[in-house]
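Protein chains in written order, with our numbering: chain A, 33 to 265; chain B, 159 to 435.
From the three backbone atoms N, C-alpha and C, an ideal C-beta is built for every residue, glycine too.
This report refers to the structure that appears directly beneath it.
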C-alpha cells in the first residue's frame, strides 16, 4: 500500500515526470502567490483596512514576533525564509482536508528538499552574519577534533527534520486511509481533525526548528540546541 | 517511500521560487505598509504631542496675558480711584477756598460798609459837637472869658519846658519878622503888655509883637513866630474832642472785629492801618 503522492504520476518523459507532489506543490504555491498578490495589490496605510490585509498582517506580524523571540535581533532578514516554510507547509497540510488533494508534504522528496534548504540556509545566514572565516571557525571550536561531530550534527538534524515532517503527514494520510476501510463513516472525520491539528503543529515545529538552527548558526548560541531537544520530544 | 531525485530537485527549486515570490508579493509589501503605518502613527502622535505642547504654551501665554490684564485693570482701577479721590479733594478744597474767599469778600464789604458808616458817624458827630461847642462858646464869650484865655496863654508861655523855650528863643532870635499874636477877639492894651512881658521873659529879649484878631480861632489865642506856633483855643480842644471820639469809635470797631473771630488777614491789616490813622 503506497499512497505517497510520488507514486501518482500524471505525465512522464524519461526521467522527467510530473508527479502529484510537484503538481500539488504548484497548486499551493499558486494559491499563496495569488492570495498575496490580490491582497497586497492595494494595501491601505490607514488604520481602516480589508479583512484579508488584516489577516496577512497578523500572520506576518506574528511570525516576526516569533522570530524576534528566538533570535533576539532584527527579524526581517529571516522572515521570507522562515515565513515561507511555515506558510507552505501549513497551507499544504490544511489543503489535505480537501478530497482529492494529496499534500506534497506527505512525500519524502518534498520534506527532504525543505530540509536541505534549511541545511544550506544555516551556513548562508551564518556567513552573512559573521563572515566566512568567522562562521567556519565555529566548526573548530572548542578543538579541531570537534569538527567531525559538528558535521555529523548538521547532517543528522537535517535528516531528522525531513523525516519528522514526512512521517507525520504521511502517517496522517495513511491513518485516514486505513480507517476508511475499517470504519468508513464517522471516525475518519475525527481523524481528519486530528490530522489538521498535527499538520499545523508540524508546520510550526518545522519552521521554528529551522529558525533555531539558523539562529544558532548565526549567533553561536547553544540555546538553539536546547530548543531542538524540546521540540524532538 | 523512495527518493526520486528529479522530484527532490524540483521541490527545492519550487521552494526557492515560492520564497522569492512571497518575499516580493507578501513580506516586503506588508512590512512596508506596516512600517509606513507605524511611522505615520508615530508622526501623528508626535504631531499630537507637539500640538498639545503648543496648546499648553498658548494656554500658559493666555493665562499670563489674562493675569497681566487683570493686574493692569486693578492698577488702572486703583489709579482711577486715586485720581477721583484727588479730584474730589481738590474740588472740595477749591469750593472751600471759594467759599472762604466769598466769606472774606463779604466780610470785607461788611467791614467797609461799617467803616464807612462809622467814619461818617464820627465826622458827623465831630462836626455836631464842634458846631455846638463853637456856638455855645461864642455865645458865652465875654471879657472875663477873654481875660481868662489870655491869662491861661501867658501861664502856658511861662510853663513851657526848657527845650521848647530854647527852640522858640532860637526861632525868634533868628528872624526879623515880628511875632504874631492872633486871637478871636480884640486884646486890650493892658493885656497886650502882659503878653509882651511874658514873651520877653521867655525869650529874654524884647521882640516886636503884632496883634491880630480872627474869627477862626474859636474863643482862643495863638502865637506864630517864623513858622512856629503856640496856641490855646477852644477850637483845639474841640479838635481834640473829635479825635478822641473817633478814637473811641475805632476801638469799638476793633473789639467787634476780634470778637467776630475769623477776620482774615486783609481785614486785620486794614484794621491795623485804620488803627494807626
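- Query: Among A:190, A:83 and A:113, which has the Cα closest to the Cα of residue 143 of chain A?
  - Reply: A:190
- Measure the alpha-carbon distance for residue 236 of chain A versus residue 212 of chain B and round it to whole angstroms. 50 Å
- At which residues does the alpha helix (DSSP H) containing residue 39 of chain A begin and terminate? It is not in any alpha helix (DSSP H) - residue 39 of chain A carries neither H nor E in the DSSP assignment.
- DSSP bridge partner residues for residue 369 of chain B (one or two, in chain order): B:339
- Could one say the Cβ of residue 75 of chain A lies closer than 7 Å to chain B's Cβ atoms, at least one of them? yes
- Do you know offhand how far residue 420 of chain B's Cα is from residue 267 of chain B's? With a pLDDT of 47 at residue 420 of chain B, under the threshold of 50, the modelled position of this residue cannot be trusted, and the question is left open.
- Using a Cβ cut-off of 7 Å, pull out every chain B residue sitting near residue 155 of chain A, in sequence order please. The contacting residues do not exist; residue 155 of chain A stays about 16 Å from chain B at best.
- Query: Quick one: is residue 203 of chain B near chain A, going by C-beta distance under 7 Å?
  - Reply: no
- Task: Please state if the CB of residue 183 of chain B and the CB of residue 116 of chain A are separated by a distance shorter than 7 Å.
- Result: no
- Query: Can residue 158 of chain A and residue 250 of chain A be called in contact, C-beta distance under 7 Å?
  - Reply: yes
- Looking at residue 191 of chain B and residue 50 of chain A, is the spacing between their C-beta atoms short of 7 Å? no
- Message: Give me the chain A residues within the contact set of residue 168 of chain B, using Cβ-Cβ distance strictly less than 7 Å, ordered along the chain.
- Response: 54
- Pull up the CB-CB distance for residue 125 of chain A and residue 201 of chain A, whole angstroms please, since I reckon it's below 8 Å. 6 Å
- Just checking my contact of residue 158 of chain B with residue 312 of chain B at CB under 8 Å: how many whole Å lie between their CB atoms? This structure cannot speak to residue 158 of chain B, because chain B is shown only from 159 to 435.
- How would you call residue 135 of chain A, buried or exposed, if buried means at least 16 neighbouring beta carbons within 10 angstroms? buried
- Query: residue 161 of chain B to residue 188 of chain A, Cα distance in whole Å?
  - Reply: 17 Å
- Item | Coarse secondary structure for residue 97 of chain A, derived from DSSP in three states | helix
- Three-state secondary structure (DSSP) of residue 48 of chain A: strand
- Just how far apart, CA to CA, sit residue 223 of chain B and residue 233 of chain B? 15 Å
- Query: Under three-state DSSP, which class holds residue 378 of chain B?
  - Reply: strand
- Message: Do residue 354 of chain B and residue 367 of chain B have their beta-carbon atoms positioned less than 7 Å apart in this structure?
- Response: yes
- With 7 Å as the threshold, decide whether the Cβ of residue 197 of chain B is near any Cβ in chain A. no
- Would you kindly check if the distance between the Cβ of residue 283 of chain B and the Cβ of residue 315 of chain B is under 7 Å? no
- At a CB-CB cut-off below 8 Å, which residues of chain B make contact with residue 113 of chain A? 177
- Query: From what residue to what residue does the alpha helix (DSSP H) around residue 79 of chain A run?
  - Reply: Taken as a continuous stretch (DSSP letters only), residue 79 of chain A belongs to no alpha helix (DSSP H), as it is neither H nor E.
- Message: Let me see if you follow: with CB-CB separation under 7 Å, is residue 105 of chain B close to chain A or not?
- Response: An answer regarding residue 105 of chain B cannot be provided, because it is not within the stretch 159 to 435 covered by chain B.
- Message: Counting only beta-carbon separations shorter than 7 Å, does residue 92 of chain A have a partner in chain B?
- Response: yes
- Task: Could you list the residues in the segment 198 to 215 of chain A with a C-beta less than 8 Å from some C-beta on chain B, going in chain order?
- Result: 198 and 202
- Below 8 Å on the Cβ atoms is my guess for residue 193 of chain A versus residue 133 of chain A; work out the distance and round it to an integer in Å. Actually they are not in contact, since the Cβ atoms of residue 193 of chain A and residue 133 of chain A sit about 23 Å apart, beyond 8 Å.
- Per-residue DSSP class, three states only, for residue 388 of chain B: strand
- Query: Taking C-alpha atoms, which residue in B:320, B:399 and B:259 lies nearest to residue 286 of chain B?
  - Reply: B:399
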